[in-house]
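Below: one structure, written as structure tokens.
In our numbering, the protein residues as written are 6 to 129.
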């Protein structure tokens with residue numbers, strides 16, 4: 006019969022914990038969080054047209070021109086993205102042209118709350 010050292014016993018005790026470590030989640034993630042790779046594109050704001058999906062992730066407005074992130078790619082007015090041409094970029098929406106049809110995609114609105122009047126620290 007063979008004898009195990011204390012370090013070997015500890016290793017054998019910790020081995021099952023290593024197998025279950027893949028199930029641990031990041032404690033800094035909000036409850037119910039799923040990464041974008043886990044979410045089907047159909048559940049995110051999009052505009053389908055004949056099986057083609059456009060997802061607007063962001064709009065950049067700057068002195069050198071506006072650009073938008075569509076389908077994880079940064080594009081500028083006049084450029085093509087998945088067969089569609091980017092026609093306009095507004096601060097909250099973009100317009101694409103695909104097969105003679107105009108497609109408008111808007112960003113979700115961001116609401117900014119202001120303190121109530123008469124309370125310390127804010128309001129007029």
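All C-beta atoms, glycine included, are put in the ideal place defined by N, C-alpha and C. Since the structure is predicted, the reported quantities are computational estimates derived from the model, not experimental observations.
Per DSSP, the beta bridge partners of residue 65 are 72. Straight across, the Cα-Cα distance linking residue 84 with residue 20 is about 54 Å.
Residue 13 sits in a helix when the DSSP states are folded into three classes.
Distance from the CA of residue 17 to the CA of residue 33, rounded to the nearest whole angstrom, comes to 30 Å. DSSP, read as helix, strand or coil, puts residue 112 in coil. Counting the other Cβ atoms within 10 Å of the Cβ of residue 99 gives 16 or more, which makes it buried.
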